[in-house]
Structure formats: C-alpha cells, structure tokens
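Data block below; observations after.
2 protein chains.
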Amino acid sequence: MVELKGLPGFRDFYPEELAARSYLMGVWRDVARRYGFEEYDGPPLEALELYTRKSGEEIVQQLYEFEDKGGRRVALRPEMTPSLARMVGVRAAALRKPVRWFSTPQLFRYERKQRGRLREHFQLNLDILGEEDVLADADLLAAAIDIMRATGLDSTQVRARVSDRRVLAAIFLHIGVPETKLESVYEVVDKLDREPRDRLEARLAELGLEPDAIAGVFDATELRGIEELRARFGDVPSVAERVAELATYLEHLENLGVVEFVDVDLSVVRGLAYYTGIVFELWDAGRKLRAICGGGRYDDLLGLIAGIDMPAIGFGMGDVVLTELLRDHGLLPEPGRALDCFVCWLGADGRRQALRAARAIRALGLSAIFEFRDRRLGNQLKSADQLGARRAVIVGPQEIEASQARIRDMSTGEERVVPFDELGPTLAAELGDG
Amino acid sequence: MVELKGLPGFRDFYPEELAARSYLMGVWRDVARRYGFEEYDGPPLEALELYTRKSGEEIVQQLYEFEDKGGRRVALRPEMTPSLARMVGVRAAALRKPVRWFSTPQLFRYERKQRGRLREHFQLNLDILGEEDVLADADLLAAAIDIMRATGLDSTQVRARVSDRRVLAAIFLHIGVPETKLESVYEVVDKLDREPRDRLEARLAELGLEPDAIAGVFDATELRGIEELRARFGDVPSVAERVAELATYLEHLENLGVVEFVDVDLSVVRGLAYYTGIVFELWDAGRKLRAICGGGRYDDLLGLIAGIDMPAIGFGMGDVVLTELLRDHGLLPEPGRALDCFVCWLGADGRRQALRAARAIRALGLSAIFEFRDRRLGNQLKSADQLGARRAVIVGPQEIEASQARIRDMSTGEERVVPFDELGPTLAAELGDG
Numbered sequence: 000m001v002e003l004k005g006l007p008g009f010r011d012f013y014p015e016e017l018a019a020r021s022y023l024m025g026v027w028r029d030v031a032r033r034y035g036f037e038e039y040d041g042p043p044l045e046a047l048e049l050y051t052r053k054s055g056e057e058i059v060q061q062l063y064e065f066e067d068k069g070g071r072r073v074a075l076r077p078e079m080t081p082s083l084a085r086m087v088g089v090r091a092a093a094l095r096k097p098v099r100w101f102s103t104p105q106l107f108r109y110e111r112k113q114r115g116r117l118r119e120h121f122q123l124n125l126d127i128l129g130e131e132d133v134l135a136d137a138d139l140l141a142a143a144i145d146i147m148r149a150t151g152l153d154s155t156q157v158r159a160r161v162s163d164r165r166v167l168a169a170i171f172l173h174i175g176v177p178e179t180k181l182e183s184v185y186e187v188v189d190k191l192d193r194e195p196r197d198r199l200e201a202r203l204a205e206l207g208l209e210p211d212a213i214a215g216v217f218d219a220t221e222l223r224g225i226e227e228l229r230a231r232f233g234d235v236p237s238v239a240e241r242v243a244e245l246a247t248y249l250e251h252l253e254n255l256g257v258v259e260f261v262d263v264d265l266s267v268v269r270g271l272a273y274y275t276g277i278v279f280e281l282w283d284a285g286r287k288l289r290a291i292c293g294g295g296r297y298d299d300l301l302g303l304i305a306g307i308d309m310p311a312i313g314f315g316m317g318d319v320v321l322t323e324l325l326r327d328h329g330l331l332p333e334p335g336r337a338l339d340c341f342v343c344w345l346g347a348d349g350r351r352q353a354l355r356a357a358r359a360i361r362a363l364g365l366s367a368i369f370e371f372r373d374r375r376l377g378n379q380l381k382s383a384d385q386l387g388a389r390r391a392v393i394v395g396p397q398e399i400e401a402s403q404a405r406i407r408d409m410s411t412g413e414e415r416v417v418p419f420d421e422l423g424p425t426l427a428a429e430l431g432d433g
Numbered sequence: 000m001v002e003l004k005g006l007p008g009f010r011d012f013y014p015e016e017l018a019a020r021s022y023l024m025g026v027w028r029d030v031a032r033r034y035g036f037e038e039y040d041g042p043p044l045e046a047l048e049l050y051t052r053k054s055g056e057e058i059v060q061q062l063y064e065f066e067d068k069g070g071r072r073v074a075l076r077p078e079m080t081p082s083l084a085r086m087v088g089v090r091a092a093a094l095r096k097p098v099r100w101f102s103t104p105q106l107f108r109y110e111r112k113q114r115g116r117l118r119e120h121f122q123l124n125l126d127i128l129g130e131e132d133v134l135a136d137a138d139l140l141a142a143a144i145d146i147m148r149a150t151g152l153d154s155t156q157v158r159a160r161v162s163d164r165r166v167l168a169a170i171f172l173h174i175g176v177p178e179t180k181l182e183s184v185y186e187v188v189d190k191l192d193r194e195p196r197d198r199l200e201a202r203l204a205e206l207g208l209e210p211d212a213i214a215g216v217f218d219a220t221e222l223r224g225i226e227e228l229r230a231r232f233g234d235v236p237s238v239a240e241r242v243a244e245l246a247t248y249l250e251h252l253e254n255l256g257v258v259e260f261v262d263v264d265l266s267v268v269r270g271l272a273y274y275t276g277i278v279f280e281l282w283d284a285g286r287k288l289r290a291i292c293g294g295g296r297y298d299d300l301l302g303l304i305a306g307i308d309m310p311a312i313g314f315g316m317g318d319v320v321l322t323e324l325l326r327d328h329g330l331l332p333e334p335g336r337a338l339d340c341f342v343c344w345l346g347a348d349g350r351r352q353a354l355r356a357a358r359a360i361r362a363l364g365l366s367a368i369f370e371f372r373d374r375r376l377g378n379q380l381k382s383a384d385q386l387g388a389r390r391a392v393i394v395g396p397q398e399i400e401a402s403q404a405r406i407r408d409m410s411t412g413e414e415r416v417v418p419f420d421e422l423g424p425t426l427a428a429e430l431g432d433g
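For the protein sequence lines, the chains are G and W, in the order given. Going by numbering that gives the first Met the number 0, the first sequence opens with residue 0, and the numbers climb by one from there. Going by numbering that gives the first Met the number 0, the second sequence opens with residue 0, and the numbers climb by one from there.
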C-alpha cells in the first residue's frame, strides 16, 4: 500500500506540537480577555468575491479557490479582515461601538513559488472598530506588546516599529511628491529591506519624482524617534501637526506601560494599500526572523468591503514566527502530558476497585488512566513512569483485603495507604488546583 | 454595493455563539484531559484519496473537493478518522500503545439535497488505538457519558444505546443468514428507524434470506437488555460467548459509574461498514433530535487506510445537536462578556491616570476597558453598565487631587476610594480567581 502523506505546506499537530499551539492560543486569549476583547469566528470558506473586492483579481492566484458543487466561486480564507468586515457589516447598526473583537483563525494561501513554506497558519486577529481616537491605536499596540510579555519576551528581545502613514504623507507632499503618487511611493518604501537602493531609486524616478524628492524620500525613511522628526520637520506645520498626534500616541503608550518596546521608524509602511494612519510591526530584536505581527489603522476598508463607514484598527499575529522565537529563547513550556494518576491493579477484584478509583479521581477533576489488562505490577509502574504520572495508585490483593489503596509518589517513590473512600479527596487535596 | 453573505450552510460565530462553542469545547477538553487523552490536530485539507480509500469513490459527491494549483486532488476533511489513521500510521512503531488521543476539528460536507442543513460542524473525536480489551471500550463510552454529565445532562435526559456487531453476527449466523450477507443485513437494520418495515423485509428477501431468517432478523433487533439476550440465546454457545463479553463490558460500565445511562439495544448497528465490535450512540431520551454521538470498535480501518495492524475504538460527537439539546434544557451558560472593570476618566490628567489604572488592573489578570474619549461621567457609567462591568473605576479632578481612585460596585452602586497604588491589588483581591 502506498503510504499517504499530508499535503505539502500543511502541518500535522501531534500532541507535542498541539501543546505548543494550545499554549500560544491560551496566551492570546488571556491577553485579549484582559484587554476586554470578545472572541468571534467566521467560516474558513467564503465567497471568492469577498477577497477580490478588497485585493483585486490578482489575489486569486494566491488562494485555494474553486467552484463548489453549487457553482459558487469560493476560497479558503487567506485572511480574517474581510470576514470581520462582512460580519460587522450585517449588524453594524446594532453593535455597540467601539467593537472590540478577536479571533484565532487558521488561514490558507497557495503560493506556488515558495516550496517548503507553509500554506496554512494560525493568526490572532485583534481589532477595534468604530473609534478614531489615537488612544485606541495605543490600546491596540499595548495588547500586542503585552502578549510578548505574557510569553516571557522582553524589550531586549522584541521591538515594536511604529510609523504613521499620515506623517509620511505630510513629509512626502512637503518634499514634492505628487499626491497621486503617494501609494506608489509607499510600495517602493515597503521594499527597502528586500531590494537594492539603486533599483528603488530607479522606480521612484519612473514615477516621475525629481532627484531632490527621491533623496528626500530616502532621508525621511531614515528618521528614527519623535525627536528626530521634530528637529527635522518641526517648522513645517503640515508635518508638525501629524507629528504631534504621533507624540500623543507615544505618551499613551508610556502610560500604558509599553513604550520601552517601541521605536518610531518611518521605514515601516506595511505593504498593504489599505492602511490609513499609524502602522506597526513587531520584530525579534535581531531582525533574524520575519515580522511577528503587523497592523495599524484602516479606516476605509469596511466601506470598501461592506459598504459601511466605520473607522478601524487591528493587527494580525501568526503562530509560526512567534513559536520559532519562543523556541529559540527556551520559552515554550515543557511538552508532556499532565497525567495525575495511573491506576495499577492485579486480579479481577483489583480491576473492579481500580475502575472505581479512577471514577472517583476523575470526578474530582484530576486525570486518571488505568491498565486495560492484567499485567505484572512492575510493568504497570513502568508505564506510569513513562507516561509522566504524578502518582500511581495500586490495588492488589493485599490492598483489597484491607479495603485500602496504595498511593505512590512517582517522583520520590514514597508510598502510603488510604482507605478506598478517601482516595479521591486525598489526591485532590494533594494534586488539585484548589 | 451588493451586500456579501456567508456561504449557505456555514455559520458566523458572533461573540454570543462563539461563547457557546467555547463552553462546549472547554467541556470536551476537560473531560478528555480527566480521562488521560492528549489533543492532536490534522490539516483541514487532505489528499482526496485519503477519503476514497476508506469510503470508495461515491464519497466524492458529498465532499468539498477540487484540484489545487499544483494539480493535486484535494478535499476539505469530512471526518477526522482518516487523518488520525494517516498520522498514527507514520509513527506507528514509535507511539506508546494504547494511544489515547482526541481532537476537535471543524468538518465539511457538501450535501446538495439538504437545503438549510449545515455544511460544516465541529466534532470531538476521541479514540483509543492499540487495545483489544473490552475494558477500553467501556472507558471510551464512560468518557462520552461523562461529557453529558459535565454539561449537566443526566440519565433521564440522555441515553446511551449500546450494541455489538459480533453479538448480532452470531445471532444472524445462527438463524441462517449467510456470512457473505452480514454487511448487507446490517445496512438494512440501520434503516429501521427511517423506512417502513415491509420495504426492509423486501430488501432482506432480495438478499436471498428465507422468511424465517427475515423474521429472526427483526426479532433480534427488538432485543433489549442483557437478560433478554441471555434468555433468548443463552443456550446457543456461539451467541452466548459474545453475550458474555457484552456482559463484562456492562460490568465495567457499572464500576466506572455510568451504567445508569446505558441501554443494550440490538437495533443499533451504526451505518458505516467499518465497525467490527461494540457500537454505541448517545441520544436525547425522547429521541427528538438526531444522535448526539456515535462510535465503536473499528479494528480493521487502520489497516485499510494506513496499512498498519492496530485495533481501534473511537467516537465522534458533533457540536450542533448537543448545543441544541443544552439550549432546550437551559444548560448553556449565560452569554455576556465577563468584564471586570470599566475605567472612567475626566480631563487629560484623569486620562493619564486611567491608562495607568488599566495597566495595573490588567497586569494582575483582570480585564479592563477605558473610555477612548472625554465624555460625561454619567455616559461613561452607562457604558460600564451596558458592558456588564463588575466595577467602574473613576478618576476625575477630585480623585487626582487626592491621588485616589473611586471604585463603584456596579451591582450595588456602592462606592469607595483607594489610593492609586492600591487599586490593582484591591480589585484583584475582590475579583480575582485566587
């Protein structure tokens, strides 16, 4: 028989890998909850038009898309925001604003060229809809940074790079970039890390920028920190006004206790055309991996997808890069099943008592496994050890005779006996969460 | 703009529905953990052959299947067992037996005829692989029943209908059904609830069964309880031997504390051809809904799919019927976000202090939201109330002056003040889980 394999780019989550995924999902959910976000989910399969409406027909070649048996053009979701926009659009009038929602969908992309790259990942999406104030932007970034903290990552290991498209726009307009070319210039700036400067200069020239403006674009993207921004453009009112708002944002971040993670870095624009204000990315401090997280303000997107006028901010944080970073820093929890009790038994009477013991232990919230077959006690204890059980419970002929169960602490080897009917409560007191 | 809708048969999970789903998933995970099962997951997209290998080409018409951009025939998973078999197959030699695994996948079926029916659902899959002893069968059913209990459903509300294909086979052979016709007879028996008796009789006749054998098949399916079985076939050794094993199974269920839920009911065969031993279904006691859960022993399936010889048992429990039943019995938890604190502020100084308060509260594991804009206190308190906050924290000019925050208990309206730096610990002591 030919052995069947999983599809290339799709992960199997054996218990070890699933444990890491669950850990990360747990952190995501806990921080989202602390920040007052509510969880939602959409379908993994949507009408193809939901994605082309936002990203144009060219997105189709990157999607798992097909015609279903009812003749609909459908696609596996490549991102969550269109589903979010659709869902919010349906209930826009009834929902309390601001909407604070999060989701942890699995997303899918078919990228032909990237052999060896994953075609699915899980992504936390955290969004605030219906609020224009920059304080909401600060609260959003604080949540992303507090996720880093909750995993044990600190500001020497992770940096938040923050920029503002409105600051960039004011600067670019000031140095002579025509307004109609702004989007195209952002696209060039977005490639700063990946393409040689002369090629990018050539592209800006193709767009019709004068040499001074081209130099000005590169100068602007090298600006770091609010002080540099003020020193360079403090006397240009159109820019200074935008810089002041960015400064307010940073002040909020300071009061929210996360500013130590933040660098103002005007080379960050985020590739996607739909961002309209502050944008940010989280990176490992050494910039060895890809971005951990990216997001920002996208005030026009709900209009484009769902026809509703609602400002919005949000970010996506994938599981792959973050898990890699946590593994590098030894911050993933130890794998291994948290088994409380392994119940060993000898003989049919022992078995009967073992089942009753397991039932009592499980009823108190602890986990218990028993042997399915009559095996030698030594072998059973070996199984208990290999499974990482915290306690072995033993019911053999002597214990039955005395109506007692023997409890063995698997880490110390210490043993003691308790009456059958005290077994569950005794173990719950020792091992329970309280 | 044309409003985009979700695809027919796919659910949007707004926070209210997501909360119900999370609750159910939480119960599933907790009981699985108590029974010592480890979680795994496979990809939602698999090679089509994984499903045709098990179910034949006719399954294709019920699937979301397509050719991907690399020319592979792929399908959205309609069930989890083939992925489980594939994954276990890869590591069969290395895995400790018995394997105790569970998963909670979303599954997909395209059923053209069933308009209005869902095309996706979530399903708990809980399996034990590598164990032939009937004690494992009992442990598996006990886990399914304890899930019912964990939701608050009792044995007057849910019944487990248990049968054994080997008992049925022994009876059918005894009354003259040819061995080669057994599978076909099971298929007829499986339709007892859905088709008129005369049509089923005609089918059995078409299979070549004599009138006596036909009557015997119907008589057998009307047997209820182990005593009836013993009374009717106790003197037929080939049947009695199988009935004895079923009796052992029931004895184990009694020791595991779940037998009060269980009815032996030989009309249950489960439709699928691959079951080889004990089979069971959970139903609402009134049988008004569809089955809550179904499963049993499928010792040959891992051979068929993955080419490995490994006995196996398992069940699937969907989210749809169970959620409906819980709603009918008022057993779903109240919806509503569990917001601990809503922080109200007045003026820029108040805002600064509010952000610091939120930071302190969140850092201690509680949830906090603050106003994004300077609004009248009455409006802010109204928001706090509408959001179901347990406490409002108020920082206005008077509080700033005194370096204190006001805490308002939103259920009683009582207010008191605490120094800023005691706010977090005070609230954590009052509202924390411990």
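Ideal Cβ positions, reconstructed from N, Cα and C, are used throughout, including at glycine.
- With respect to the 8 Å criterion, F260 of chain W and V157 of chain W are classified as neighbours on the basis of their beta carbons.
- Beta-bridge partners assigned by DSSP to A159 of chain W: W:V261 and W:L281.
- In the DSSP assignment, D348 of chain W falls outside any beta strand (DSSP E) and lies within the alpha helix (DSSP H) extending over G346 to A362.
- P210 of chain G counts as exposed, since fewer than 16 other beta carbons sit within 10 angstroms of its beta carbon.
- In this structure, DSSP gives D132 of chain G a state outside helix and strand, which the three-state scheme calls coil.
- Excluding the 5 residues flanking it on each side, L252 of chain G has same chain C-beta neighbours closer than 8 Å at A137, L140, A141, V258 and V261, in chain order.
- Comparing alpha carbon positions, the residue from G:G256, G:E323 and G:A347 closest to I360 of chain W is G:G256.
- In its chain, beyond the 5 residues on either side, A142, D145, I146 and A149 have a beta carbon closer than 8 Å to the beta carbon of V30 of chain W.
- In the displayed model, R296 of chain W falls within a strand according to three-state DSSP.
- According to the DSSP assignment, V416 of chain G belongs to the beta strand (DSSP E) that extends over E414 to P418.
- At least one C-beta of chain W is nearer than 8 Å to the C-beta of K68 of chain G.
- In summary, the residues of the stretch 38-70 of chain W whose CB is separated from some CB of chain G by less than 8 Å are E38, Y39, D40, G41, P42, P43, L44, E45, A46, E48, L49, R52, Q60, Y63, F65, E66, D67, K68 and G69, in the order they occur in the chain.
- Beta-bridge partners of I291 of chain W (DSSP): none assigned.
- Rounded to whole angstroms, P42 of chain W and R116 of chain G show a C-alpha spacing of 15 Å.
- Listed along chain G is no residue with a C-beta nearer than 8 Å to that of P104 of chain W; the closest approach is about 11 Å.
- Under the three-state reduction of DSSP output, M316 of chain G falls in the strand class.
- When DSSP states are grouped into helix, strand and coil, E333 of chain G belongs to the coil group.
- At a cut-off of 8 Å between beta-carbon atoms, D11 of chain G makes contact with chain W.
- Considered as a whole, the stretch 8-95 of chain G harbours 44-46, 64-66 and 72-75 as its complete beta strand (DSSP E) runs of no fewer than 3 residues, in chain order.
- Closer than 8 Å to the CB of G151 of chain W there is not a single CB belonging to chain G.
- Here S237 of chain W carries a helix assignment [DSSP, helix/strand/coil].
- In this structure, the straight-line span from the alpha carbon of R350 of chain G to that of A246 of chain W is close to 16 Å.
- Sixteen is the threshold: since fewer than 16 other Cβ atoms of the shown chains lie within 10 Å of the Cβ of E421 of chain W, the residue is exposed.
- Residues are counted here when their Cβ sits less than 9 Å from a Cβ of chain W; for the stretch 312-326 of chain G the count is zero.
- H328 of chain W carries a coil assignment under DSSP once its states are collapsed to helix, strand and coil.
- At a cut-off of 8 Å, the C-beta of A383 of chain W has no neighbouring C-beta in chain G.
- Restricting attention to W:S102, W:K53, W:S410 and W:R193, the CA atom closest to the CA of D339 of chain W is found in W:S410.
- M309 of chain W is positioned such that its CB atom lies closer than 8 Å to that of L128 of chain W.
- In the structure shown, the three-state DSSP call for L430 of chain W is helix.
- The alpha-carbon separation between L265 of chain G and K53 of chain G amounts to approximately 26 Å.
- Interface criterion met: the Cβ of R95 of chain W is under 8 Å from a Cβ in chain G.
- Neighbours of F371 of chain G across chain W, judged by C-beta separation under 8 Å: P97, E130, D132, L134, A135 and D138.
- For Y34 of chain G, the nearest beta carbon of chain W is closer than 8 Å to its own beta carbon.
- Apart from the 5 residues on each side of it in sequence, L325 of chain W sits with its Cβ closer than 7 Å to the Cβ of T150 and L331 in its chain, given in chain order.
- In this structure, V242 of chain G sits near R229 of chain G, with a CB-CB distance shorter than 8 Å.
- Residue pairing of E119 of chain W in beta bridges, as defined by DSSP: W:F107.
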